[in-house]
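Engineer: Going by full-length UniProt numbering, the sequence shown opens with residue 1, and the numbers climb by one from there.
Take a look at the following structure, please.
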Amino acid sequence: MKRVAVFTSGGDAPGMNACIRAVVRGAVYHGVEVFGIRRGYNGMINGDIFQMTSHSVSNIVQRGGTILKSARSREFMTPEGRKKAYEQIQKFGIEGLVAIGGNGTFTGATIFFDEFGIPTVGAPGTIDNDLYGTDHTIGFDTAVNTALEAIDKIRDTADSHDRIFFIEVMGRDSGYIAIQSGIAGGAELVMVPEVLTPISEVVETLKQGWDRQKSSSIIVVAEGDEEGNATEVAEKISRQIGTEIDMRVTTLGHIQRGGIPTAYDRILASRLGLGALEGLLHGQKNVMAGVVNNELVYTPFRDTIRLPKPINEDLLRMVKILSV
1 MKRVAVFTSG GDAPGMNACI RAVVRGAVYH GVEVFGIRRG YNGMINGDIF
51 QMTSHSVSNI VQRGGTILKS ARSREFMTPE GRKKAYEQIQ KFGIEGLVAI
101 GGNGTFTGAT IFFDEFGIPT VGAPGTIDND LYGTDHTIGF DTAVNTALEA
151 IDKIRDTADS HDRIFFIEVM GRDSGYIAIQ SGIAGGAELV MVPEVLTPIS
201 EVVETLKQGW DRQKSSSIIV VAEGDEEGNA TEVAEKISRQ IGTEIDMRVT
251 TLGHIQRGGI PTAYDRILAS RLGLGALEGL LHGQKNVMAG VVNNELVYTP
301 FRDTIRLPKP INEDLLRMVK ILSV
């Protein structure tokens with residue numbers, strides 16, 4: 001394999017630039033020409049492809065976001081769109097791809113290979129940490145620390161005013177950010193999509209706190225919790241305990257996706273980027289590079305897409321014990 005390309009797709013995540021850097025410099029080291037594709041599959045369709053050098057990735061390891069930009073492509077979901085993408089790949093003589101993204105990115109790569117035979121190795125870039133085949137995804141650690149910083153600050157005002165705060169973090173299908181930021185931030189309760197936490201249980205937890213003279217509480221809610229988002233949860237609880245209790249809702253939103261990546265994310269992204277590139281050069285295809293128990297592993301895209309990644313039960317148990 002003499003020519004490869006790298007692109008980022010789906011939601012951005014801190015550390016993606018470190019991953020791009022590792023792919024490009026790894027390719028240079030191995031004597032392989034490397035191209036960047038801007039704006040994911042959209043850029044592939046439109047031919048927004050350019051050759052990269054070691055200098056192309058200078059001074060980006062510390063930057064959040066992605067220098068290659070990102071986008072979700074409706075056109076690539078059609079056979080016609082994928083055919084256009086293949087024609088552009090052929091035009092540049094690209095023989096393999098490194099895709100930095102999540103489930104949607106890897107689903108597209110799998111279909112692309114089935115139709116046109118272009119091999120892809122993925123690097124897991126998503127703050128949600130919801131991909132089977134790796135202990136952590138690129139951007140997750142930074143997102144947790146961003147959420148934690150906000151929780152720490154909100155706790156100060158919650159304590160000052162004897163308030164209950166419902167803090168909503170990202171996680172439509174995964175509660176990893178919620179559980180880890182909740183434990184680190186000393187939350188009284190964490191609500192995640194993987195486990196049903198009835199409103200009655202939340203009310204009981206709050207009442208137990210009041211019995212212990214607890215005047216303020218923090219409840220971290222993943223946006224995809226079965227009881228609803230943080231606003232909906234707060235409204236349900238208000239109907240049960242009355243409006244005399246001072247409650248506030250804070251939605252952290254997209255600040256969790258941005259910012260300077262932590263040292264952990266930079267190192268993980270570099271390891272996964274180089275692992276994806278070298279895996280591609282050594283004949284791997286339709287797999288995701290991941291780190292499990294500190295070992296680099298390759299997991300088929302179909303498993304990464306299909307298999308769930310459950311939250312460690314010990315983490316859920318910790319929240320309950322440590323909130324007493």
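Heads up, the beta-carbon is just placed ideally off N, CA and C, and yes, glycines get one too.
How many angstroms separate the CA atom of residue 166 from the CA atom of residue 151?
Structural biologist: 10 Å
Engineer: I'd like the list of long-range same chain contacts for residue 111, defined as Cβ closer than 8 Å, with 5 residues on each side in sequence excluded.
Structural biologist: 82
Engineer: Just list the beta strand (DSSP E) runs in the region 119-176, keeping only unbroken ones of 3 residues or longer that don't cross its boundaries, in chain order.
Structural biologist: 120-124, 164-169
Engineer: Identify whether residue 262 lies in helix, strand or coil by the three-state DSSP scheme.
Structural biologist: Residue 262: coil per DSSP, three-state reduction.
Engineer: Are the beta-carbon atoms belonging to residue 142 and residue 228 less than 8 Å from one another?
Structural biologist: no
Engineer: Tell me the DSSP secondary structure of residue 316 in three-state form.
Structural biologist: If DSSP states are grouped into helix, strand and coil, residue 316 belongs with the helices.
Engineer: What did DSSP end up calling residue 3 once you bin it into helix, strand or coil?
Structural biologist: strand
Engineer: So, helix, strand or coil for residue 110, using DSSP?
Structural biologist: Of the three classes helix, strand and coil, the one that applies to residue 110 here is helix, per DSSP.
Engineer: Would you list, in sequence order, the uninterrupted beta strand (DSSP E) runs of no fewer than 3 residues that lie entirely inside the region 208-244?
Structural biologist: Within the region 208-244, the complete beta strand (DSSP E) runs of at least 3 residues are 217-222.
Engineer: Just reading off the alpha helix (DSSP H) that residue 66 is part of, what are its end residues?
Structural biologist: Looking at the DSSP string, residue 66 is not in any alpha helix (DSSP H), and its letter there is neither H nor E.
Engineer: CA-CA distance, residue 254 and residue 268?
Structural biologist: 22 Å
Engineer: Can you tell me where the alpha helix (DSSP H) holding residue 301 begins and where it ends?
Structural biologist: 301-306
Engineer: Quick check on residue 145 - is its C-beta less than 8 Å from some C-beta in chain C?
Structural biologist: In the displayed structure, chain C is absent; only one protein chain is listed.
Engineer: For a test of the three-state rule: what should DSSP assign to residue 51, helix, strand or coil?
Structural biologist: For residue 51, the three-state secondary structure derived from DSSP is strand.
Engineer: Give me the residue from 34, 67, 53, 28 with the minimum Cα distance to residue 9.
Structural biologist: 67
Engineer: Taking only the alpha-carbon atoms, compute the straight-line gap between residue 113 and residue 86 and give it to the nearest angstrom.
Structural biologist: Rounded to whole angstroms, residue 113 and residue 86 show a C-alpha spacing of 10 Å.
Engineer: Could you spell out where the alpha helix (DSSP H) holding residue 27 opens and where it closes?
Structural biologist: 16-29
Engineer: Three-state secondary structure (DSSP) at residue 101?
Structural biologist: strand
Engineer: Helix, strand or coil: how does DSSP classify residue 186 here?
Structural biologist: coil
Engineer: Let's test the definition: count the other Cβ atoms within 10 Å of the Cβ of residue 239 and tell me whether it reaches 16, buried, or not, exposed.
Structural biologist: exposed
Engineer: May I ask you to report which of helix, strand or coil DSSP gives residue 252?
Structural biologist: coil
Engineer: Determine, using beta carbons only, whether residue 122 and residue 101 come nearer to each other than 8 Å.
Structural biologist: yes
Engineer: Exposed or buried, what is residue 208 when buried is set at 16 or more other beta-carbons lying within 10 Å of its beta-carbon?
Structural biologist: exposed
Engineer: Checking the sheet assignment: what are the DSSP bridge partners for residue 331?
Structural biologist: There is no way to answer for residue 331, as the model of the chain reaches only from 1 to 324.
Engineer: Between the C-alpha atoms of residue 299 and residue 210, what's the straight-line distance to the nearest angstrom?
Structural biologist: Straight-line spacing of the CA atoms in residue 299 and residue 210 works out to 48 Å.
Engineer: Using beta-carbon positions only, say whether residue 18 and residue 257 come within less than 8 Å of one another.
Structural biologist: No.
Engineer: Sort 305, 178, 119 by Cα distance to residue 284 and report the nearest one.
Structural biologist: 119
Engineer: If I follow the unbroken alpha helix (DSSP H) through residue 85, where does it start and stop?
Structural biologist: 79-91
Engineer: Have a look at 1, 140, 26, 13 and flag the residue whose alpha-carbon is nearest the alpha-carbon of residue 275.
Structural biologist: When only C-alpha atoms are compared, the closest one is 26.
Engineer: Using only alpha-carbon positions, find the residue among 198, 39, 230, 186 that is nearest to residue 6.
Structural biologist: 39
Engineer: With H, G and I counted as helix, E and B as strand and the rest as coil, what does DSSP make of residue 194?
Structural biologist: coil
Engineer: My understanding is that residue 311 touches residue 183, with C-beta atoms under 8 Å, so please give their C-beta distance in whole angstroms.
Structural biologist: Between residue 183 and residue 311 the Cβ distance is about 11 Å, and since that is not below 8 Å, they are no contact.
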